[in-house]
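Convert by adding 287 to the 1-based position in the sequence shown; the result is the number in this note's numbering.
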Amino acid sequence: IFTAKDLRKPKGNPKLVSDAGAVGLMQLMPGTARLLGVKDSNDPAQNIDGGIRHFKGLLIRFNGDRVRAVAAYNAGHVPVERLGRVPNYRETVVYVAEVFNNYYDLTGERVDYRGHLTTKAQLWAKRVEDQRERYRGWD
């Protein structure tokens, strides 16, 4: 899943800061980095270690549910816990769709993330899948 996640931004830039303030290769929020004991989020080794520990904690929190863990990595655990599914945040839905489509490309294993989406969110996810299909035609 981390390789699939890494095919998204930050495209190998260890110093990237997102509009939301997430830092580095694993896009750790400053508060999360502090909780994980990451002293320098721009240090790739610390950032990756913190990101992996954070994701592992989310997998435990969500009883191994990879879809909810990936959604929580992006949106935070509170909305995912409250709703019991991927929240209807366009950025999070697109993130989940991209991660699991990349995961399928890398492993051949299809993860049913759509079952965690509302009807509206499924339309956003379909756009991601359609766009990927158009790009595949360019190969």
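Where is the CB? At the ideal position from N, CA and C, for every residue including glycine.
Option nearest residue i by Cα separation, candidates the options
i, options, result
"residue 344", "307, 392, 363", "363"
"residue 320", "338, 376, 361, 373", "338"
"residue 422", "397, 405, 388", "388"
"residue 331", "299, 400, 392", "299"
"residue 407", "376, 316, 361", "376"
"residue 314", "351, 346, 361", "361"
Pairwise C-alpha distance: residue j and residue i
i, j, result
"residue 366", "residue 333", "27 Å"
"residue 303", "residue 402", "32 Å"
"residue 310", "residue 326", "12 Å"
"residue 415", "residue 384", "7 Å"
"residue 336", "residue 318", "15 Å"
"residue 395", "residue 322", "35 Å"
"residue 374", "residue 307", "17 Å"
"residue 312", "residue 301", "5 Å"
"residue 392", "residue 381", "16 Å"
Residue range of the alpha helix (DSSP H) that includes residue i
i, result
"residue 363", "Counting along the chain, residue 363 falls outside any alpha helix (DSSP H), and DSSP gives it neither H nor E."
"residue 302", "No alpha helix (DSSP H) holds residue 302; DSSP gives it neither H nor E."
"residue 321", "317 to 322"
"residue 391", "377 to 394"
"residue 332", "331 to 348"
Min CB distance residue i to chain D below 8 Å
i, result
"residue 381", "The structure shown contains no chain D, having only a single protein chain."
| message | I'd like to know if the stretch 349 to 356 and the stretch 365 to 382 are in contact, where contact means that at least 3 CB-CB pairs between them fall below 8 Å. | response | yes
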